[in-house]
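Q:
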Amino acid sequence: MKLATQDKPFFPEGLEEKLEVVRSLGFDAFEIDGRLLVERFEEVKRAMSATGVPVVTACGGYRGWIGDFDGERRKRAIRDIAEILRRLGELGGKGIVVPAAWGMFSKRLPPHVPPRPEEEDRRVLLDSLEQLSRAAEETGTHVYLEPLNRYEDHMLNRLGQAVSLIEEGRFSRVKVAADFFHMNIEEPRIEESILQARDYIGHVHLADSHRFQPGDGHLDFAPGLAALKEIGYDGYLAFECRVRGKPEEAYPASVRYIRGLLSRLLEDPG
């Protein structure tokens, strides 16, 4: 398993300088904002070539949601994501992280009852994923479907729900993105949920219990990482978190913390 990071406010603006910082902090790769990938594509290519740091995945950077209540916004999201996948394919990247929606509706907050029934949510998601799976097939990439916690989305909250959609649609290019922060809220036991979704996990996000850097909160990462080892996961662990403390000290310390856990897993023959 290798480590990647998303962009941070304390990273430089220039892409070559940005990737140099990514490497200096101890990461292996970069998870880019999709809009940045599209709008500054040639600069991204030059930065990758100059630094040797790959852009492996994208997250965000498109308009609308694949489960949007508004049909035109949903179509726009699909078009934008397909374009991001095309750019990723040209770079040899792996895929884009996509939730059903983010911040659009929560059953846990007023008015509690969404404007669309669950069966229609599912139909819409299946339709969007079918189109995006085709786009991913054409570009040699993947869509990483990410369940979010109950306060950020009402459609997909657990790994099993994402797996159910992939199985029903038989989407060869859609995998699950397992996010430790969201799993800490929604999954009864993170390690068990990972084992149950073993054939579908294609990407992983890391953040601690409070959404800051791993090792700063109370989330126990060891069981989940051990489960990833058990299922043979060899992809990226992308840090998707805010950073508390002095970034130049706190962020590399978090990298060392996760690498230490991974090292101990490698040493454990079980």
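Residue numbering for the sequence shown is 1009 to 1278, as defined by this note's numbering. Cβ coordinates follow ideal geometry from the N, Cα and C atoms, glycine included.
Looking only at its own chain, which residues have a Cβ that is under 6 Å from the Cβ of I1040, when we skip the five neighbours before and after it?
A: For I1040, where only same-chain residues beyond five positions count, the Cβ hits under 6 Å are V1063 and A1066.
Q: Quick check on D1280: buried or exposed, where buried means 16 or more other Cβ atoms within 10 Å of its Cβ?
A: Residue numbering for the chain in the displayed model covers 1009 to 1278; residue 1280 lies beyond these limits and cannot be assessed.
Q: When the Cα of P1260 is compared with those of I1239, E1238, G1223 and A1235, which residue comes out closest?
A: Taking only the C-alpha atoms, the option nearest P1260 is G1223.
Q: Once the 5 residues before and after L1137 are set aside, which same chain residues still bring their CB inside 8 Å of it?
A: Result list for L1137: I1074, V1151, L1153, L1173, I1174, G1177, F1179 and V1182, in chain order.
Q: At the level of alpha carbons, what is the spacing between P1119 and E1248?
A: Looking at the two C-alpha atoms, the distance is approximately 29 Å.
Q: If you follow the alpha helix (DSSP H) that Y1152 is part of, which residue opens it and which one closes it?
A: Here Y1152 belongs to no alpha helix (DSSP H); instead the beta strand (DSSP E) covers H1150 to E1154.
Q: If I measure Cβ to Cβ from Y1159 and keep anything under 6 Å in the same chain, skipping five residues before and after, which residues do I get?
A: S1114 and R1116, listed in sequence order.
Q: Whose C-beta lies closer than 8 Å to the C-beta of A1258 among residues of the same chain, with five residues either side of it excluded?
A: Around A1258: Q1221, D1224, V1251 and R1252.
Q: Does E1050 pass the burial test, meaning 16 or more other C-beta atoms within 10 Å, or should it be called exposed?
A: The residue is exposed, with fewer than 16 neighbouring Cβ atoms inside 10 Å.
Q: From the DSSP output, in three-state form, read off L1245 for me.
A: Correct three-state label for L1245: strand.
Q: Using CA coordinates, which residue listed in V1121, P1123, M1163 and P1122 is at the minimum distance from R1130?
A: Per the Cα distances, M1163.
Q: Excluding the 5 residues flanking G1210 on each side, which residues of the same chain have their C-beta closer than 6 Å to its C-beta?
A: Around G1210: H1150, Y1152 and K1183.
Q: Taking a contact to mean a Cβ-Cβ separation below 7 Å, would you say N1283 touches I1198 in this structure?
A: Any property of residue 1283 remains undetermined from this structure, which presents the chain solely from 1009 to 1278.
Q: Bridge partners for H1218 per DSSP, in chain order?
A: Paired residues: none, contrary to the question.
Q: Taking I1104 and I1092 to be in contact with their CB atoms under 8 Å, please state how far apart those CB atoms are, rounded to whole angstroms.
A: With a Cβ gap of about 5 Å, I1104 and I1092 count as contacting.
Q: Tell me the rounded alpha-carbon separation between D1207 and F1189.
A: Answer to the nearest angstrom: the Cα atoms are 21 Å apart.
Q: By the 10 Å Cβ neighbour count, where 16 or more other Cβ atoms means buried, how is L1274 classified, buried or exposed?
A: L1274 comes out exposed.
Q: Kindly indicate which three-state DSSP category E1021 falls into: helix, strand or coil?
A: Of the three classes helix, strand and coil, the one that applies to E1021 here is coil, per DSSP.
Q: Establish whether the CB of A1037 and some CB of chain C are separated by less than 7 Å.
A: Given the protein chain composition of this structure (a single chain), no chain C is represented.
Q: Can you name, in chain order, every residue of its own chain whose Cβ lies under 7 Å from the Cβ of L1023, other than the five neighbours on each side?
A: Around L1023: R1048, E1051, V1052 and A1055.
Q: Expressed to the nearest angstrom, what Euclidean distance is found between the alpha-carbon atoms of P1125 and L1033?
A: Roughly 46 Å separates the two Cα atoms.
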